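Going by the numbering used here, the residue at position 92 of the sequence shown is 171; the numbering climbs one at a time, nothing skipped.
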Amino acid sequence: MKARVSVRRVDSYGYERLREAVVALLEPLGGIGAFTGPGERVLLKPNMLAARSPEAAVTTHPALVRIMAELVRSTGASVMVGDSPGIDNYQKVAERSGIGRASLEGGAELVPFDETVEVQGNGTFRRITLARAYWEADKVINLPKLKTHEMMTMTCAVKNLFGAVVGMEKAEWHLRAGTSRQQFAHLLLEIYLLKKPTLNVVDAVVAMEGDGPGSGDPVSLNALIAGVNPLAVDAVAARLAGLPADMLHIQREAERMGLAGARGDGLELVGSALEEFSLRPFRLPRGLDVQFGLPEFLKRGLRRHLTARPVVDKKRCVLCGICRDACPPRVIRIKNSALSIDEGRCIRCWCCRELCPRDAMEVHRGVLMRLVAALRNRRRGQDSSSSPPRGISR
């Protein structure tokens with residue numbers, strides 16, 4: 080059976096227009112009643128990365144959260160809105176992003192992810208600690224924001240579920256995965272498989288390009304995307320964003336694992352045609368590494384030239400210590416009123432850039448990386464096309 084993905088064009092977060100678009104988006108999937116019902120406790124899982132305003136495109140827009148809460152409640156279910164922010168506490172992020180007020184207006188309960196439960200895994204990772212509210216909810220509706228990501232290239236439906244990992248557990252998982260994007264992608268997929276979301280609704284009305292997920296630039300895509308299979312949803316999102324398939328680490332690992340929807344083939348698109356959207360490729364993060372498929376001993380020797388590394392902007396840095404405390408391998412120090420990074424031990428997870436509230440962590444790219452990035456951008460400019468991806472039918 081083909082995975083159905085619904086796409087709807089909408090050019091505003093205005094309440095009436097957005098609500099109409101969301102209802103139309105869900106109609107080909109059976110409407111909200113196909114996913115929730117009376118007596119169920121439903122968790123809405125938005126992206127609540129940091130305490131930023133909705134205009135920054137860092138978090139899921141509050142208008143979408145409110146509308147989804149209202150629709151779920153209309154089926155007789157109760158609604159919770161929860162996440163574990165990467166930076167700042169839940170209450171601060173909820174207030175600053177507008178999600179707190181929107182949740183209350185939609186009749187939802189705000190649920191910070193503070194209590195945890197250890198879950199027995201069925202794959203490579205035998206034990207994974209997740210938020211209790213996430214694990215014990217009857218249904219999870221995933222509300223990701225489409226953004227570029229300096230470690231994984233894109234964050235959307237699958238990556239958003241990493242928010243079910245609470246607090247400093249995130250840093251520990253980054254450390255276990257090290258510089259292996261394949262291993263980290265495998266972890267994200269195992270989290271998804273432990274508790275599959277009932278529905279995924281992507282906020283791509285205003286997405287983020289460049290140095291996402293926290294320091295990029297808003298870009299209007301005017302799209303909503305929905306589907307049951309998050310991998311299929313991500314495949315369509317990546318197409319709309321014009322992201323290169325060879326850099327989509329989650330999709331590549333999912334394909335290796337034989338998971339449905341990973342390749343973007345065998346999908347059925349309904350709703351707005353992809354040709355209705357501007358398919359200009361998103362600008363990629365500057366921190367993406369170039370792998371070349373070289374042997375490990377060569378990668379180690381050429382690391383400075385092959386990869387990017389974080390560098391402190393001393394004019395912006397206020398020595399708040401957030402990056403130091405969040406750094407998985409503990410390679411950031413504050414000494415003599417200055418912040419320093421042990422480059423040799425840095426695993427390039429970019430947590431420091433993702434969480435810095437002052438955008439004070441810059442990217443320095445090696446010579447070879449800059450050259451390859453320039454060639455890739457030139458090729459993408461020549462190859463860009465507005466035609467739908469092969470294997471997706473309408």
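Here a beta-carbon is modelled for each residue, glycine too, at the ideal position from N, C-alpha and C. Computed from a predicted model, the values in this text were never measured in an experiment.
- Within the DSSP bridge table, the entry for Asp162 names Pro191 as partners.
- Residues of the same chain with a CB within less than 8 angstroms of the CB of Leu150, apart from the 5 flanking positions on each side, are Val101, Val102, Leu105, Ile111 in chain order.
- In this structure, Ser132 is the residue among Ser132, Val89, Arg120 with its C-alpha nearest to the C-alpha of Pro436.
- Within the same chain, Cβ atoms closer than 7 angstroms to the Cβ of Gly155 are found at Gly116, Pro117, Gly118, the five residues on either side in sequence being excluded.
- Contact annotation, Ala129 with Val121: C-beta distance approximately 25 angstroms; criterion of less than 8 angstroms not satisfied.
- Of all C-beta pairs linking the stretch 416-432 to the stretch 225-239, three or more are shorter than 8 angstroms, placing the two stretches in contact.
- For Leu108, there is no enclosing alpha helix (DSSP H), since its DSSP letter is neither H nor E.
- Beta bridge pairing from DSSP links Asn279 with Asn221, Gly306.
- Counting the other CB atoms within 10 Å of its CB gives Glu332 a total of 16 or more, which places it among the buried residues.
- In chain order, Val196 place their CB closer than 6 angstroms to the CB of Trp214, counting only its own chain and leaving out the 5 sequence neighbours on each side.
- For Leu348, the enclosing beta strand (DSSP E) has its first and last residue at 346-350.
- For Met440, the closest C-alpha among the options Asp404, His328, Lys393 is that of Lys393.
- Uninterrupted beta strand (DSSP E) stretches at least 3 residues long and entirely within the stretch 290-345 occur at 296-306, given in chain order.
- Inclusion of Val86 and Leu97 in the CB contact set at 8 angstroms is not warranted, their separation being larger than that value.
- Residue state for Ser182 is assigned as helix, using DSSP reduced to three classes.
- Non-local beta-carbon contacts of Arg412 in its own chain, meaning distances under 6 angstroms to residues more than five positions away in sequence, involve Ser419 in chain order.
- With a threshold of 16 other beta carbon atoms within 10 Å, Tyr169 meets it and is buried.
- Burial check for Met147: the Cβ neighbour count within 10 Å reaches 16 or more, so the residue is buried.
- Per the C-alpha coordinates, the member of Ser163, Ala250, Val219 positioned closest to Arg409 is Ala250.
- If the five residues before and after Glu334 are omitted, its C-beta is found closer than 8 angstroms to the C-beta atoms of Ala341, Arg342, all from its own chain and listed in chain order.
- For Leu367, the secondary structure class from DSSP, reduced to helix, strand or coil, is coil.
- Only exposed fits Met80, as fewer than 16 other CB atoms lie within 10 angstroms of its CB.
- For Ile166 against Leu434, the beta-carbon gap comes to about 4 angstroms, under 8 angstroms, which counts as contact.
- Between the alpha carbons of Ala339 and Ala82 lies a gap of roughly 8 angstroms.
- In this structure, the alpha-carbon of Ala264 lies about 16 angstroms from that of Ala317.
- Counting the other Cβ atoms within 10 Å of the Cβ of Glu354 gives fewer than 16, which makes it exposed.
- In the three-state reduction of the DSSP assignment, Ser416 falls in the coil class, being assigned neither a helical nor a strand state.
- In this structure the stretch 289-306 does not touch the stretch 189-205; the number of beta carbon pairs closer than 8 angstroms is below three.
- In its chain, beyond the 5 residues on either side, Met159, Gly161, Ala212 have a beta carbon closer than 6 angstroms to the beta carbon of Val190.
- Short of 6 angstroms from the beta carbon of Thr234, and not among the five residues preceding or following it, lie these beta carbons of its own chain, in chain order: Lys226, His228, Pro292.
- Annotated three-state conformation of Pro360 is coil, per DSSP.
- Minimum Cα-Cα distance from Ala283 among the listed residues Arg255, Asp313, Leu273 corresponds to Asp313.
- Out of Ala113, Cys399, Gln261, Val281, the CA that lies nearest to the CA of Thr203 is found in Gln261.
- Ser351 and Pro107 have their C-alpha atoms some 11 angstroms from each other.
- If you check the CB distance, Thr232 and Leu358 do not come in under 8 angstroms.
- Per the coordinates, the alpha-carbon of Ala135 lies some 33 angstroms from the alpha-carbon of Gly423.
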